[in-house]
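Asks: Residue numbers (this note's numbering), protein chains in the order written: chain V, 1 to 472; chain S, 1 to 472. Beta carbons: idealized from backbone N, C-alpha and C, even for Gly.
1) For a quick check, are the C-beta atoms of residue 429(S) and residue 352(S) less than 7 Å apart?
2) Between which two residues does the alpha helix (DSSP H) carrying residue 71(V) extend?
3) Using a Cβ-Cβ cut-off of 7 Å (strictly less than) and excluding sequence neighbours within five positions of residue 408(S), which residues of its own chain qualify?
4) Measuring alpha carbon to alpha carbon, tell me which residue in 70(S), 94(S), 426(S) and 85(S) is nearest residue 21(S).
5) Enumerate, from N- to C-terminal direction, the unbroken alpha helix (DSSP H) stretches of 4 or more residues contained entirely within the segment 137 to 179 of chain V.
6) To the nearest angstrom, report how far apart residue 425(V) and residue 86(S) are at their CA atoms.
7) Return the first residue and the last residue of the alpha helix (DSSP H) that residue 268(V) is part of.
8) Can you tell me where the beta strand (DSSP E) holding residue 380(S) begins and where it ends?
9) I want to verify the contact list: residues of chain S whose CB lies under 9 Å from the CB of residue 361(V), in sequence order.
10) Answer with buried or exposed for residue 452(V), where buried requires no fewer than 16 other C-beta atoms within 10 angstroms of its C-beta.
11) So, for residue 234(V): in the same chain, excluding its five sequence neighbours on each side, which residues have a beta-carbon less than 6 Å away from its beta-carbon?
12) Can you check whether the CB of residue 207(V) is closer than 7 Å to the CB of residue 187(S)?
13) Please report the straight-line C-alpha distance between residue 384(S) and residue 218(V), rounded to a whole angstrom.
14) Is any beta-carbon of chain V found at less than 7 Å from that of residue 465(S)?
15) What are the boundary residues of the alpha helix (DSSP H) that residue 241(S) is part of?
16) If distances are taken between C-alpha atoms only, which option among 51(V), 88(V) and 343(V) comes closest to residue 196(S)?
17) Quick check on this structure: which residue in 36(V), 121(V) and 38(V) has the alpha carbon closest to the alpha carbon of residue 59(V)?
18) Determine the direct distance from the alpha carbon of residue 448(S) to that of residue 438(S), and round the result to whole angstroms.
19) Hey, does residue 194(V) have any beta-carbon neighbour from chain S nearer than 7 Å?
20) Can you check DSSP and say which residues form a bridge with residue 186(V)?
21) At a Cβ cut of 7 Å, what residues of the segment 410 to 428 of chain V count as close to chain S, listed as they run along the chain?
22) DSSP three-state call for residue 347(V): helix, strand or coil?
23) Could you list the residues in the segment 449 to 464 of chain V with a C-beta less than 9 Å from some C-beta on chain S, going in chain order?
24) Would residue 277(V) be called buried (16 or more neighbouring beta carbons within 10 Å of its own) or exposed?
25) Tell me which residue opens and which closes the alpha helix (DSSP H) that residue 18(V) is part of.
26) Would you mind giving the Cβ-Cβ distance between residue 259(V) and residue 164(V), rounded to the nearest angstrom? I have them listed as a contact below 8 Å.
27) Please list the residues of the segment 210 to 228 of chain S that have a C-beta atom closer than 9 Å to any C-beta atom in chain V, keeping them in chain order.
28) Measure the C-alpha to C-alpha separation of residue 458(S) and residue 90(S) and round it to an integer number of angstroms.
29) Interface residues of chain V around residue 251(S) at Cβ under 9 Å?
30) Do the CB positions of residue 281(V) and residue 340(V) come within less than 7 Å of each other?
31) Looking at the unbroken alpha helix (DSSP H) that takes in residue 462(S), where does it start and where does it end?
32) DSSP three-state label for residue 91(V), please.
33) Is the beta carbon of residue 377(S) sitting closer than 7 Å to the one on residue 337(S)?
34) By the 7 Å beta-carbon criterion, what residues does the segment 367 to 397 of chain S contribute toward chain V?
35) Show which residues of chain V have a CB atom less than 7 Å away from the CB atom of residue 309(S).
36) Does residue 240(S) come within less than 7 Å of chain V when only Cβ atoms are used?
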């Protein structure tokens, strides 16, 4: 793992002419104050802080071009910053440089109801977008836990609980405006639902974590608000029975909107945290979207499948207040988990495997956790084969963090051996670069590196992230 | 437009040592016979033939690596060849070189029923795959008109009538094995349903038309065969009313599997060709997939929407023989159209626009056609905003072809002005390169070119296709 370099004393200071130019151009929207830099020097990961040398708050694409050109002229790294909610150190300024904060670039530029798309600036968060869509009959379904910015979600190829039905940012970004390392602006994709016109630069930039281009506008796909929604929960004797139920649900083509798994330890954590009395067994949480008749039919189909696999305490709800009650337990998982060990911080794994290997992967992970002595609840977007392990660590205990990382490595290695990926939705950042070769092979990673070198030959765009590069 | 160079007399012959090496290694599976070369020198487009200098029939990835390395050593272009059904000259050897024919590399390598995916060699066709899937309860939905090879479909980012429900090759290729220009083999993507691990090389190669890498294996997504299927047809007073019905169907979230538009001229052609007595008015063809109850509900919802827009003669069918009868008319469109002018060949446009602009785009196209004097039926995958114009030309009349191309240009320019794409599913090939800049802008096309130069610096992979390059 590349070690974050946060030694301000050893860092080359920003060139005075560069600072003067940014200050002159952006006034109070450019700062080198320690407080603002410190705010931009950490995300939700456990990696040590790495402060940028300055922070700038642009308002539009043209201003981002000016920043990028100034940085290029002075050899200064550029790090895009959305909501700071990334989990793999994406926004840490490990080589110094300027953090571009998009919080003042958060306008909804257009909603096209008939085409079910919206054009947004990258700083708009997913919740802000959905609030703005109120009354249109449309919504944006991608829901990582945090209220992340849409630019950041595109940059990390984020997803969440709805991906089994609505896809990830890969499927829901129709086009992008991006500033490239030479300061040119490209517009990718388009508003047509499909196209065979040239290389898919949209999908290349989605998931590139700010290393190939800086996203300054996005066109995202919207979806009709379902006419009816219902939810259900069901407990199982073991994880395998729960996962069998999931596999059959997907195979039957039931268009389920969400299927979430929590393990028995997590239910126990929820009971302690939320004063509930749920059966302390693996549970599935379902949500169904559609017409009233379709939603009933989906729920009945899934209930029958769950019954075939020994499902217990099946409960469903279609009134909003009842649905909220059922899902409250799922939503509380992260804080309920941290509460299992007060003062702890979570090191979160994010593996995703073919669904046929999910039961094996979860069971092996469970055994690894037991052997490690850590408390580590498991919760997953199982319709996609994706699950998280929240390894609870004392953030001040380096030895413990090292052991937790070793556990995390074992979890990832198993997922890779089962044909999976080291990250379903969080990204590579600085924490998972070593897995990139294990997952894709040296030739594929070399291909990624050739692309990075071609598009950012001086390695100034979020350097040190995603692809291990030979330093310039 | 780069002019195809098919002047054998002016073409540099293949180096003797190269021919000897290929013959030695591949025996009868390598040929320079004129008959075989001629077969590989044309596709379904109207472009002049351009024969490769030789054709080789590999059996696996290792053999493709050998071919690519030999070609690289002797500076010989390489053109992947699937079923020869491309519509934009993709497989024409306009710079000479070796055609790699994948017809003997057409094995189904694995079907994973639980994970609903299949690994295939690129020469397997979509119909072959679906035949092999018989009995699994799964199917592969992407259906371009031709029985194309899956490798070719990935290379052109193909789709077809089911894309409105099941997506295109972009959404249905999970991972690839590809031989790169340096002879290295990369494996992209994976079998997990989602991943945030590094740059999306899968989506970069899908749609790259053999210019970045040669696909030697694909993992594709399969879908459950619907429990029930029903179809419907409905006539409308005008195209706008039909398109309004489509927009509302999509906006309501009806999970329709197919929505196809044919214009009145096309219905007239069908009536003449198939001896039917359909009302000669714009028509929509629908197909619904799901549970029996869901399919009924979808059809009823759509019938009500159609009625609101003056839909006439609404007819639906759920028995297979009745569905076949309804869809026969749609399936016959291409030949029925050619029959409007015996001896003609079709120049096919493939524009795709935001659905809100579809009615305007179709109406303007209709007017352009009327002004041109050409017979040119319109048929479209309107749920995606995609439609084709089949301009009927005398293939021996160069002036007429030039006028048809001018008409095609006007059709594309309108689609671009309406926020659309020059090609929804056919690709760029040699015929649409001039539109690439108009659609994406010079900076985006330069970015594509940088990627091409980085991955194929000697421009040996399908040279002259997709991106206009400065010649090496």
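Replies: A quick look at the data gives this:
1) Their beta carbons are not under 7 Å apart, which means residue 429(S) does not touch residue 352(S) by this criterion.
2) Unbroken alpha helix (DSSP H) run through residue 71(V): 61 to 74.
3) Excluding the 5 residues flanking it on each side, residue 408(S) has same chain C-beta neighbours closer than 7 Å at 347, 349 and 391, in chain order.
4) Looking at the Cα atoms, 70(S) is the closest of the given residues.
5) Whole alpha helix (DSSP H) segments, 4+ residues: 150 to 156, 163 to 166 and 169 to 172.
6) Whole-angstrom Cα-Cα distance: 36 Å.
7) Counting along the chain, the unbroken alpha helix (DSSP H) around residue 268(V) starts and ends at 264 to 274.
8) Per DSSP, residue 380(S) is one residue of the beta strand (DSSP E) stretching across 378 to 381.
9) Ordered by position in chain S, no residue passes the 9 Å Cβ test against residue 361(V), which lies about 10 Å from the chain.
10) So residue 452(V) ends up on the buried side.
11) In chain order, 284, 306, 311 and 314 place their CB closer than 6 Å to the CB of residue 234(V), counting only its own chain and leaving out the 5 sequence neighbours on each side.
12) No, they are not a contact pair.
13) Straight-line measurement puts the Cα of residue 218(V) at about 20 Å from the Cα of residue 384(S).
14) No, residue 465(S) does not count as interfacial toward chain V.
15) For residue 241(S), the enclosing alpha helix (DSSP H) starts and ends at 239 to 251.
16) For the options 51(V), 88(V) and 343(V), the alpha carbon positioned closest to that of residue 196(S) is the one of 88(V).
17) The shortest C-alpha separation from residue 59(V) is found at 121(V).
18) Their Cα atoms are separated by approximately 14 Å.
19) It does; some Cβ of chain S falls within 7 Å.
20) 178(V).
21) For chain S, the residues of the segment 410 to 428 of chain V that bring a beta carbon within less than 7 Å of one of its beta carbons are 419, 420, 421, 422, 423, 424, 425, 426, 427 and 428, in chain order.
22) Annotated three-state conformation of residue 347(V) is strand, per DSSP.
23) Of all residues in the segment 449 to 464 of chain V, only 450, 451, 452, 453, 454 and 455 come within less than 9 Å of chain S when Cβ atoms are compared, listed by chain position.
24) By the Cβ neighbour-count rule, residue 277(V) is exposed, with fewer than 16 other Cβ atoms within 10 Å of its own.
25) Boundaries of the alpha helix (DSSP H) harbouring residue 18(V): 16 to 26, taken from the DSSP string.
26) Separation of the CB atoms of residue 259(V) and residue 164(V) is rounded to 6 Å, and the pair is thereby assigned contact status at 8 Å.
27) Residues are counted here when their Cβ sits less than 9 Å from a Cβ of chain V; for the segment 210 to 228 of chain S these are 211, 212, 213, 223, 224, 225, 226 and 227, given in chain order.
28) Taking the straight line from one Cα to the other gives about 19 Å.
29) Per Cβ cutoff of 9 Å: 113, 114, 116, 137, 138 and 224.
30) No, the Cβ-Cβ distance between residue 281(V) and residue 340(V) is not below 7 Å.
31) Residue 462(S) -> no alpha helix (DSSP H), and no H or E assigned at all.
32) Coil, per DSSP.
33) Contact annotation: residue 377(S) and residue 337(S) have beta-carbon atoms nearer than 7 Å.
34) Those residues of the segment 367 to 397 of chain S that come within reach of chain V (Cβ to Cβ, closer than 7 Å) are 384, 385 and 386.
35) By Cβ distance, chain V contributes nothing, its closest Cβ being about 14 Å from residue 309(S), past 7 Å.
36) Taking a beta-carbon distance threshold of 7 Å, residue 240(S) does not count as an interface residue toward chain V.
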